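Asker: Letter by letter, the sequence shown follows residues 8 to 871 in our numbering. Every residue, glycine too, gets a C-beta built ideally from N, C-alpha and C. All values derive from a computational prediction rather than experimental measurement. Got a structure here, written out as structure tokens. Questions coming.
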Amino acid sequence: MAKFNEKLSTILNQQLPEYVVADHPKFAEFLKVYYQLLESAEIKVTSVQTTVGILLETETGQANNLVLNATRIDTARTTLDGGDKILYEESEFGKFTRGETVKGQTSNAEAVILVEDLSNGRLIISAQDKFISGELIVGQTSNATASLDGYTPNPVNNIVDLVNFRDPDKVVSYFLTQMRDEFLSTLPETLNEDVDKRQLVKNIKSFYRSKGTQRGHELFFRLLFNEKSETFYPREQILKASDGQFDSQQILRVIARVGDPAQLIGRTITGKNSNATAIIENLQKFQIGTDEVTELVLGSTNIQGTFQVGEEVQGTASDTDNYFVKADITGIPGEKIILNDGALYSTKDTVRVVGGGEGALFQISEIDSGPITELVVDNVGVGYAIGDTINFDNTGTLGQGAEAFVKIVNGGFLREDDADEEDRIILEDETGSGDKYEGNVIVQESGTGVGDITDIFLISGGLGYETLPTVSITSTGGANAILRAFGNNIGRVLNVATIEHGKSFELSPTPPTLKFGNNMILKNITGTIPASGQITSPKVSTIKSWDTSRSFLKTTDVSGGFGINDNLTFDNGATAKIAKIDIADVTVQVASVVPTDGVYISERGKLSETTMRIQDSLYYQDFSYVLKVGQSIDLWRDAFKKTMHTTGFYFTGQVDVTTRLSVKTRTPVIGRVSGASDEGAMGLVNTLFSTIFGRRLGTVDDGTSLRPKPHEAGQIDSNTDTVDHFATNTRDLTLFRPGIEYDIQGRIRRTIVDRNGTPIRVNSSHAYVGPRYAQLDKHANTIFGTTNTASGITIQRLSELKIFGTRTSLDGTNPIFLLTSSEIGRLMKMNFAFPSELAFNADLFSNTLIKFDNINKTFDDTIA
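Shown next, in the form of structure tokens:
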């Protein structure tokens, strides 16, 4: 609408000569109305709400008119449109009238009616260009309604508003459509009802700039459906080499001296002696022993110089502070140096630190796997032959492929002074040169021994063993041999993680060392090795675990160390000999600033992650994405391609149901998500509607039998001549009935003595609700009220009552006094109903007298 000071009609009197205004007021008024007409606008209206009127009866065909007080042409006596209507009291609306204000229900635009011409479907209003086509307009006085069908401004108003056509905020809504066609041509005509199209036109540039981004996708679906959307990139689930996301922090631990180190987050600290500097990104506090230790997380790219263990660091809480927060650096474990990696360890084994500090915790974080390198003969047995197969049980070892057989039986030749039975006399290297048989061991002739195992030939040690397998022998005549497997790479320590860094490891003894448990393979066992207890000789050690099937012993807290061939004595008297042992040895350096061991912050790059996929050059690739929104892809695919989709990318749609049960399919057809490919979707439809399903359920006694292959699908119904695709009276699944259960409820039985003194046991007819003889005994004389002397119940009526339902001789006898005076009898049911009356207060129709002649109404009264 033009501003008030831009209208000629409002300033006309100021432009006319004073004598014209004074001597010719009608002419001045005419000019004002004339310019009001030029500044007005025409609106076309439809669906005008009709009013209730009065129809005069006629019998002669004459036009009988109801004369109102303002139907004549406007005069001083009867003003035009003044009181020329009749409304019933129940009418909620009237007719549009001149001078009232109409308001658009969508745009909230307002205008004043200058001329009402509803017979031609139009209203002449003061110019208002903010009305929206199709919206409902309501008269603010008459409450009449109509639909806006068109807007036509007069020439003068068009000239005034012409400059507004370039501004989306001021342009008439009909011209705004032209702007939409120019700037929003790729968007659908129908957007969400909450979208302000004027604001959209002004901000469309930034919208187009977000093309191809997740933010742009979110804006697009907000405009269309006012729904949240999610953009998923399948490249995040593609397995790539060296794609893991690993994070490690640089930490420095201090003990506060002056002030609170928590004030230094985001501030720079400086070493007093080293002049090293760093910025604190974060911190956390611990209580270790008697000291409160603060761990400072430093920015790895902001560390300048090298902080020294034990030196003072200081910093200020702000640039304006004139005092320093001071703290002393405490030494913490840094780099771990593996001197000997040991064997047979697991990541569950505990590690003990020995040094001058306190509070540090370490754990084996990674161990190696490897092949079987040796088989220890614990018991040689008897009756074995060369070539007997050695069996490896790999259950739980993560390894496979170990193979071996019996190589030598009946023993070799030893010197008399040999202390080790595994030593033997062998041939020199060149003795067997050129012989078709390999080997250098001198053995006895066949048949000269008892078939005891002397040596094992390991064909293959296999691979991937993290724990030891159990070993057995397949032999036709051998017995009692015991073999134990060993691999020097199995369970060797590859890495030790620092779980807690502790404090004060610069104190003596320093640097600290890590103590690992003793893992050993035993042989020559006598007695029973306990699962818990101690080794008492040659060193004292605590038993952690004992695996009988592998002869594998774990001990901790060793005072000294064990070695191969040491003879052990246990606290219960059992003895054994160490066949294999390899103890890990790790030292730790003490430092001021150390990197944490770090963690993987995502599943990327992990072969074990089930969500990761191999690139397929279609769905799982770098240039594809999935749009998740709660609308069918058919509603937005074309508009999205024109507006947001970038060339060279592949996109699919996925319906996300957020307020109901989610039924989305991740990759329904050959790696595609629903809506991405018509061919895949049609293939799914064809499968669903072409497969023949047989009967699924049946019971053991319904005449059906279980199909031999119940999970095998039927053939596609491509032959129209076939009808039966499954054998009749067959089923896929058997439905079993639950067992029949009975609930037995004990019934209370009571004894009543009849009038002859005979006790009678009553099993039924007891009542816990409803009419009982206890009620008769209590209410028989008061049922009609305490003030009513006539109870309405006569002695004759009471004598007609009979006992029933007891299934005894009491049935048919009179219950009065027999049951009413007995506590048991008063609990029995009766067939007597008390007479009752229902009374209530209500106004009668005749109480209120309404006369139709109380109020007189005349037709010449004006009803506003």
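According to DSSP, simplified to helix, strand and coil, what is Thr650?
Answerer: Sequence index remark: in the sequence shown, residue 650 carries index 643 (1-based). In the structure shown, Thr650 sits in a helix (DSSP, three-state: H, G or I).
Asker: Kindly indicate the opening and closing residues of the beta strand (DSSP E) around Val122.
Answerer: Residue 122 sits at position 115 when you count from the first residue of the sequence shown. Where Val122 is concerned, the enclosing beta strand (DSSP E) stretches over Glu117 to Asp124.
Asker: Leaving out five residues on either side along the sequence, give the residues of the same chain with a beta carbon under 8 Å from the beta carbon of Thr357.
Answerer: One-based indexing of the sequence shown puts residue 357 at position 350. The answer, listed in chain order, is Gln370, Gly524 and Thr563.
Asker: Going by DSSP in three states, Ile460 sits in which element: helix, strand or coil?
Answerer: Numbered from 1 along the sequence shown, position 453 holds the residue referred to as residue 460. In this structure, Ile460 counts as strand in the three-state DSSP scheme.
Asker: Let me know the secondary structure DSSP gives Val300 once reduced to three states.
Answerer: Along the sequence shown, one-based indexing puts residue 300 at 293. In the structure shown, Val300 sits in a strand (DSSP, three-state: E or B).
Asker: Arg620 bridges to which residues according to DSSP?
Answerer: Counted from its first residue, the sequence shown places residue 620 at position 613. DSSP output for Arg620 lists Ile245 as bridge partner(s).
Asker: Inspect the beta-carbon positions of Gly349 and Val500 and report whether they are closer than 8 Å.
Answerer: Here residue 349 is taken as the residue at index 342 of the sequence shown, counted from 1. Here residue 500 is taken as the residue at index 493 of the sequence shown, counted from 1. Yes, these two residues count as a Cβ contact at 8 Å.
Asker: For Val597, report the span of its alpha helix (DSSP H) as first-last.
Answerer: As a first step, residue 597 is located in the sequence shown; it is residue number 590 there, counting from the start. Not the alpha helix (DSSP H): Val597 falls in the beta strand (DSSP E), residues Asp592 to Ala598.
Asker: On the three-state DSSP scale, how would you describe Asn127?
Answerer: The count along the sequence shown starts at 1 and reaches residue 127 at position 120. Helix, per DSSP.
Asker: Within 10 Å of its beta-carbon, does Thr337 have 16 or more other beta-carbons around it, so buried, or fewer, so exposed?
Answerer: Position 330 of the sequence shown holds residue 337. With 16 or more Cβ atoms within 10 Å of its Cβ, Thr337 is classed as buried.
Asker: What is the rounded straight-line gap between the Cα of Thr402 and the Cα of Pro476?
Answerer: Counted from its first residue, the sequence shown places residue 402 at position 395. Counted from its first residue, the sequence shown places residue 476 at position 469. Roughly 7 Å between the two C-alpha positions.
Asker: Kindly list the residues whose CB is nearer than 8 Å to the CB of Gly278, restricted to its own chain and excluding five residues on each side of it in sequence; keep chain order.
Answerer: Your numbering for residue 278 matches position 271 in the sequence shown. Closer than 8 Å at Cβ, skipping near neighbours: Thr284, Gly312, Phe314, Gln315, Glu318, Glu319, Val320 and Ile336.
Asker: Pop quiz: Ala504 and Asp604 are said to be a contact at Cβ under 8 Å. What is the actual Cβ separation, rounded to whole angstroms?
Answerer: The sequence position of residue 504 within the sequence shown is 497, counting from 1. The sequence position of residue 604 within the sequence shown is 597, counting from 1. Sure, about 5 Å apart at Cβ, within 8 Å.
Asker: Find out if the Cβ-Cβ distance for the pair Ile608, Leu246 is shorter than 8 Å.
Answerer: Mapped onto the sequence shown, residue 608 falls at position 601. Mapped onto the sequence shown, residue 246 falls at position 239. It is not a contact, given that the beta carbons lie outside the stated cut-off.
Asker: Out of Asn127, Ala153, Leu125 and Ser126, point me to the one whose CA is closest to Phe138's CA.
Answerer: Taking the first residue of the sequence shown as 1, we reach residue 138 at position 131. Checked all of Asn127, Ala153, Leu125 and Ser126; the closest Cα to Phe138 is Ala153.
Asker: Once the 5 residues before and after Ala116 are set aside, which same chain residues still bring their CB inside 6 Å of it?
Answerer: Mapped onto the sequence shown, residue 116 falls at position 109. Counting only Cβ-Cβ distances below 6 Å, and skipping sequence neighbours, we find Gln135, Lys137 and Phe138.
Asker: Could you name the residues of the same chain whose beta carbon sits closer than 6 Å to that of Ile80, not counting the 5 residues immediately before and after it, in chain order?
Answerer: Residue 80 sits at position 73 when you count from the first residue of the sequence shown. Per-residue confidence for Ile80 stands at a pLDDT of 44, beneath the threshold of 50, marking its modelled position as unreliable; the derived number appears in the next sentence. There are no such residues.
Asker: Under 8 Å between the Cβ atoms of Ile258 and Gly273?
Answerer: Residue mapping note: residue 258 aligns to position 251 of the sequence shown, counting from 1. Residue mapping note: residue 273 aligns to position 266 of the sequence shown, counting from 1. No, Cβ-Cβ distance for Ile258 and Gly273 is not below 8 Å.
Asker: For the structure I just gave you, are there three or more beta carbon pairs, one from the region 247-267 and one from the region 650-664, closer than 8 Å?
Answerer: no
Asker: Kindly confirm or deny that the region 387-396 and the region 533-545 touch, where touching means at least three C-beta pairs closer than 8 Å.
Answerer: no
Asker: Take Pro880 and list the residues in its own chain whose beta-carbon comes closer than 6 Å to its own, dropping the five residues that flank it on each side.
Answerer: The structure shown has nothing for residue 880, since the chain only spans 8 to 871.
Asker: Which partner residues of Tyr657 appear in the DSSP bridge assignment?
Answerer: Stepping through the sequence shown from its first residue, residue 657 is reached at position 650. According to DSSP, which records beta bridges pairwise, Tyr657 is partnered with Ser631.
Asker: Could you give the distance in angstroms between the alpha-carbon of Tyr151 and the alpha-carbon of Arg222?
Answerer: Position 144 of the sequence shown holds residue 151. Position 215 of the sequence shown holds residue 222. The sequence shown places Ala at residue 151, rather than the Tyr named in the question. In a straight line, the C-alpha of Ala151 is about 45 Å away from that of Arg222.
Asker: Please determine if the region 323-337 and the region 579-598 are in contact, where contact requires at least 3 C-beta pairs separated by less than 8 Å.
Answerer: no
Asker: On the three-state DSSP scale, how would you describe Asp554?
Answerer: Your numbering for residue 554 matches position 547 in the sequence shown. Strand.
Asker: Got a sec? Which residues, its chain only, sit under 6 Å from Leu255 by beta carbon, not counting five neighbours each side?
Answerer: Mapped onto the sequence shown, residue 255 falls at position 248. Reading off the sequence shown, one finds Ser at residue 255, where the question assumed Leu. Same-chain partners within the cutoff: Pro602, Thr603 and Gly605.
Asker: Of the choices Ile120, Thr108 and Ser133, whose alpha-carbon is the least far from that of Tyr42?
Answerer: For the purposes of this step, residue 42 is taken as the residue at position 35 of the sequence shown. Here the closest residue by C-alpha is Ser133.
Asker: Since Lys102 and Gln147 should fall inside the 8 Å C-beta cutoff, what is the C-beta to C-beta distance between them, to a whole number of angstroms?
Answerer: Position 95 of the sequence shown holds residue 102. Position 140 of the sequence shown holds residue 147. So it is not a contact: roughly 14 Å between Cβ atoms.
Asker: Do Gly406 and Gly363 have their CB atoms nearer than 8 Å?
Answerer: Sequence index remark: in the sequence shown, residue 406 carries index 399 (1-based). Sequence index remark: in the sequence shown, residue 363 carries index 356 (1-based). The answer is no: Cβ separation not under 8 Å.
Asker: With three or more C-beta pairs closer than 8 Å as the rule, is the region 582-593 touching the region 196-203?
Answerer: Contact fails: fewer than three Cβ-Cβ distances are below 8 Å.
Asker: Answer with buried or exposed for Tyr472, where buried requires no fewer than 16 other C-beta atoms within 10 angstroms of its C-beta.
Answerer: Translated into the one-based positions of the sequence shown, residue 472 becomes position 465. Around the beta carbon of Tyr472, a 10 Å sphere encloses 16 or more other beta carbons of the protein chains shown; the residue is thus reported as buried.
Asker: For Gly388, which three-state DSSP category applies?
Answerer: Looking up residue 388 in the sequence shown gives position 381. Coil.
Asker: Please report how far the alpha carbon of Thr438 lies from the alpha carbon of Gly456, in whole angstroms.
Answerer: Locating residue 438 in the sequence shown gives position 431, counting from the first residue. Locating residue 456 in the sequence shown gives position 449, counting from the first residue. Roughly 25 Å between the two C-alpha positions.
Asker: Under 8 Å, do Asn161 and Glu46 count as touching if we go by C-beta distance?
Answerer: Position 154 of the sequence shown, counting from 1, holds the residue named residue 161. Position 39 of the sequence shown, counting from 1, holds the residue named residue 46. Yes, the pair counts as a contact, with Cβ atoms nearer than the cut-off.
Asker: Could you check which residue in Asp188, Thr741, Ile374 and Glu237 has the C-alpha nearest to that of Ile345?
Answerer: Here residue 345 corresponds to residue number 338 of the sequence shown, with the count starting at 1. The candidate whose alpha carbon is nearest that of Ile345 is Ile374.
Asker: What does DSSP give as the partner residue(s) for Ala411 in the beta ladder?
Answerer: Looking up residue 411 in the sequence shown gives position 404. Ile397 and Leu465.
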